[in-house]
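Counting from -13, one number per residue, gives the positions in the sequence shown under the numbering used here.
All residues carry an ideal CB built from backbone N, CA and C; glycine is no exception.
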Amino acid sequence: MKPLRPIILLAVLVGGYVATEAALYRRVAPGDRVTDLHEFLEWQPAADDFVAVDANGERHVIAYGPAGGLLPSGPAAYVFDPAGNFVDWSPDIGDDSKFDDRWQAQRTRGDRVLSRLEVEKIAAQRPGK
């Protein structure tokens, strides 16, 4: 049994790491519950980090959330179009260069900050809400 202890310990550690990564990813993955800004605010009631960005000639809102892993290089980010529709997201903006190129999520993090109240007003202006 003694020769198996290191293998068992390694298997437990790897299994724990994989399970924790999966749980942290599920915590930030919007899945089917988010289709617009209003639903995002209901899903993430503690969210308070928002910025406005200009992309493709339109003003979008980026909401930053908790990190999506054990060793993240950035937070999760969620993008909403001018009508408040959910259009894109990344579990870790630091490791997602395509997302950052598309939305400037890292470069604009401190620029054009929006308060949660401003974002709630944007969400309330969406037709049908």
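{"Query": "contact_flag[the stretch 74 to 89, the stretch 55 to 62] where n(CB pairs < 8 Å) is 3 or more", "Result": "yes"}
{"Query": "Three-state class that DSSP yields for ARG98 in the structure shown", "Result": "coil"}
{"Query": "Residue environment, TYR128, which counts as buried when at least 16 other CB atoms sit within 10 Å", "Result": "For the chain, the structure presents residues -13 to 115; residue 128 sits outside this window and is missing."}
{"Query": "Unbroken alpha helix (DSSP H) run spanning ILE(-6), endpoints", "Result": "-9 to 14"}
{"Query": "Own chain partners of ARG98 with C-beta closer than 6 Å, once the 5 adjacent residues on each side are dropped", "Result": "VAL37 and ALA38"}
{"Query": "Range covered by the alpha helix (DSSP H) that runs through ASP87", "Result": "83 to 89"}
{"Query": "In DSSP terms, what ASN42 is bridged to", "Result": "Answer is none; ASN42 lacks a bridge partner."}
{"Query": "Span separating the alpha-carbon of ALA(-3) from that of ALA9", "Result": "18 Å"}
{"Query": "For ASP35: DSSP bridge partner residues", "Result": "TYR50"}
{"Query": "Cβ pair TRP75, ALA41 closer than 8 Å", "Result": "no"}
{"Query": "Bounding residues of the alpha helix (DSSP H) (the contiguous stretch that carries LEU27)", "Result": "23 to 29"}
{"Query": "Minimum Cβ-Cβ distance from VAL47 to chain D less than 8 Å", "Result": "The structure shown has no chain D; it contains just one protein chain."}
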